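Just below is one structure, and these are the notes that go with it.
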Amino acid sequence: MTSSYGLAGRAAVVTGATRGIGLAVARQLADAGALVCVTARDAADVRRTAAELGGIGLAGDVADPEHVRALVELALREFGRIDVLVNNAATNQPYGLLMDVDPDAWRDAFTVNVEAALRLVQGVWHGWMREHGGAVVNVCTEGAGHVGPRVGAYGTSKAALLHLTQQLAGELAPGVRVNSVSPGLVRTEMARFVWEPGEEEVAAGLPLGRIGEPEDIARAVVWLASDAAEWITGADLLVDGGTRVRAAYSAQAYAVHDRLRSAAPPRP
Ligand SMILES: NC(=O)c1ccc[n+]([C@@H]2O[C@H](COP(=O)([O-])OP(=O)(O)OC[C@H]3O[C@@H](n4cnc5c(N)ncnc54)[C@H](OP(=O)(O)O)[C@@H]3O)[C@@H](O)[C@H]2O)c1
Numbered sequence: 003m004t005s006s007y008g009l010a011g012r013a014a015v016v017t018g019a020t021r022g023i024g025l026a027v028a029r030q031l032a033d034a035g036a037l038v039c040v041t042a043r044d045a046a047d048v049r050r051t052a053a054e055l056g057g058i059g060l061a062g063d064v065a066d067p068e069h070v071r072a073l074v075e076l077a078l079r080e081f082g083r084i085d086v087l088v089n090n091a092a093t094n095q096p097y098g099l100l101m102d103v104d105p106d107a108w109r110d111a112f113t114v115n116v117e118a119a120l121r122l123v124q125g126v127w128h129g130w131m132r133e134h135g136g137a138v139v140n141v142c143t144e145g146a147g148h149v150g151p152r153v154g155a156y157g158t159s160k161a162a163l164l165h166l167t168q169q170l171a172g173e174l175a176p177g178v179r180v181n182s183v184s185p186g187l188v189r190t191e192m193a194r195f196v197w198e199p200g201e202e203e204v205a206a207g208l209p210l211g212r213i214g215e216p217e218d219i220a221r222a223v224v225w226l227a228s229d230a231a232e233w234i235t236g237a238d239l240l241v242d243g244g245t246r247v248r249a250a251y252s253a254q255a256y257a258v259h260d261r262l263r264s265a266a267p268p269r270p
């Protein structure tokens, strides 16, 4: 980051911050001068990350309301403020056709991907942001915009998170901005099962020619959390290397377009 975008001295809570996109977000926030509080389930990873960032951390599961409460309390006690909340932790389980999915496992996905985000926003709102303002960024997914094979639980929960983002943006304005970032395929553990066997193939099909790196997503998250985005709320920023437009630019789409264009009426 070359600019602090007004983040210097502000305090941020980032969930799922020990690897992948969350770690990149936490690093960029710290580089911008923010105080950072991280969480994830693995305690050793949380300790290592907090030490690297010169910040604080608390190990736990965001699905546990008690952990969420303790996390917010810790950040308020140590930093005296929470200006930025990044809801990044998520699960892509259960994987499979919805007709075969155990409804309890489906509900677990919603607990982590949607309910935890709401609980965290409630915590920071009542603890700091209602009086002092702030910014929330939820990490959704490009896939929330369409259906896909065997990702029904993940997709429906992320679509709910997208809607939650917009609902909260309406309810918490003008003091608190709430936005989301929707990544395409990014080189992280969560998506390894997709990119490892097929990176070249996927990259070749993308308008920008490569899969995403965690830093690509982090730059968008940090920007939305910063004063540079002070007039943006309820927005979803797609950071996907052109995944969403891929279909329109496929060879087949070009062929159809060329055929239709040749049949188009002459310009008046
Ligand atoms: N990678 C992609 O292609 C992609 C695409 C679209 C959207 N996304 C979204 O981007 C976000 C980050 O994903 P990622 O790919 O960076 O994943 P990742 O590399 O697997 O990292 C996930 C992070 O979240 C933590 N975490 C997972 N479950 C948690 C829980 N219940 N409570 C607390 N912490 C938890 C993990 O640590 P512990 O395991 O120690 O808890 C880890 O720090 C997610 O919201 C994901 O849906 C990713």
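The sequence shown begins at 3 in my numbering and counts up one residue at a time. Built from N, CA and C at the ideal position, the CB exists for glycine as well. Every value quoted in this text rests on a predicted model; they were computed, and no experiment measured them.
Worksheet item: Along the chain, where does the beta strand (DSSP E) that runs through residue 238 open and close?
Response: For the purposes of this step, residue 238 is identified with residue 236 of the sequence shown, where counting begins at 1. Boundaries of the beta strand (DSSP E) harbouring residue 238: 238-241, taken from the DSSP string.
Worksheet entry | residue 106 versus 128, 155, 145, 30, residue with shortest Cα-Cα distance | Numbered from 1 along the sequence shown, position 104 holds the residue referred to as residue 106. Shortest Cα-Cα distance from residue 106 to any of 128, 155, 145, 30 involves 155.
Discussion item. So, at 7 Å on beta carbons, what are the nonlocal neighbours of residue 207 in its own chain, with the 5 sequence-adjacent residues on each side left out?
Written reply: The residue you call residue 207 lines up with position 205 of the sequence shown. Listed in chain order, the non-local C-beta contacts of residue 207 below 7 Å within the same chain comprise 248, local neighbours out to five positions each way being set aside.
Item to complete: Using only the heavy atoms of ligand 1, determine whether one of them is closer than 6 Å to the beta carbon of residue 96.
Response: Here residue 96 refers to the residue found at position 94 when the sequence shown is read from its first residue. No, the Cβ of residue 96 stays beyond 6 Å of every heavy atom of ligand 1.
Worksheet item: Should the stretch 167-185 be called in touch with the stretch 230-250, which here means at least 3 C-beta pairs below 8 Å?
Response: Look at the beta carbons and you see the stretch 167-185 touching the stretch 230-250: at least three pairs across the two are nearer than 8 Å.
Fill in: Per-residue burial, residue 81 [other beta carbons within 10 Å of its own, 16 or more giving buried]
One-based indexing of the sequence shown puts residue 81 at position 79. The C-beta of residue 81 has 16 or more other C-beta atoms within 10 Å across all chains shown, which makes the residue buried.
Item to complete: Look up residue 185 in the DSSP assignment and give the residues it is bridged to.
Response: By 1-based counting over the sequence shown, the position of residue 185 is 183. Per DSSP, 241.
Discussion item. So, for residue 73: in the same chain, excluding its five sequence neighbours on each side, which residues have a beta-carbon less than 6 Å away from its beta-carbon?
Written reply: The residue labelled residue 73 in the question sits at position 71 within the sequence shown. Cβ within range, chain order: 41, 60.
Practice prompt. Please work out which residues of its chain come closer than 6 Å, Cβ to Cβ, to residue 177, disregarding the five sequence neighbours upstream and downstream, and give them in chain order.
Written response: Here residue 177 refers to the residue found at position 175 of the sequence shown. Once the five neighbours on either side are set aside, the close Cβ partners of residue 177 are 135.
Worksheet item: Just the Cα atoms here: how many angstroms apart are residue 3 and residue 101?
Response: On the sequence shown, position 1 is the one that residue 3 refers to. On the sequence shown, position 99 is the one that residue 101 refers to. Confidence at residue 3 is low in this model, with a pLDDT of 44, below 50, so its placement is unreliable and no value can be given for it.
Item to complete: Leaving out five residues on either side along the sequence, give the residues of the same chain with a beta carbon under 7 Å from the beta carbon of residue 78.
Response: Within the sequence shown, the letter at position 76 stands for residue 78. Exclusion of the five residues before and after residue 78 leaves 84, 129, 130 as the residues of its chain whose Cβ lies within less than 7 Å of its Cβ.
Practice prompt. Kindly give me the distance between the Cβ atoms of residue 140 and residue 120, rounded to whole angstroms, as I take these residues to be in contact under 8 Å.
Written response: Within the sequence shown, the letter at position 138 stands for residue 140. Within the sequence shown, the letter at position 118 stands for residue 120. The beta-carbon distance between residue 140 and residue 120, rounded to whole angstroms, is 10 Å. This is too long to meet the 8 Å contact definition.
Item to complete: Would you tell me roughly how many angstroms separate the C-alpha atoms of residue 210 and residue 27, rounded to the nearest one?
Response: Your numbering for residue 210 matches position 208 in the sequence shown. Your numbering for residue 27 matches position 25 in the sequence shown. Using only the alpha carbons, I get a separation of about 22 Å.
Worksheet item: Alpha carbon to alpha carbon, what distance is there between residue 146 and residue 158?
Response: Within the sequence shown, numbered from 1, the residue matching residue 158 stands at position 156. Within the sequence shown, numbered from 1, the residue matching residue 146 stands at position 144. Residue 158 and residue 146: Cα-Cα distance of roughly 7 Å.
Fill in: Local Cβ density within 10 Å of residue 264, reported as buried at 16 or more and exposed below that
By one-based count along the sequence shown, residue 264 stands at place 262. Within 10 angstroms of the beta-carbon of residue 264 lie fewer than 16 other beta-carbons, which makes it exposed.
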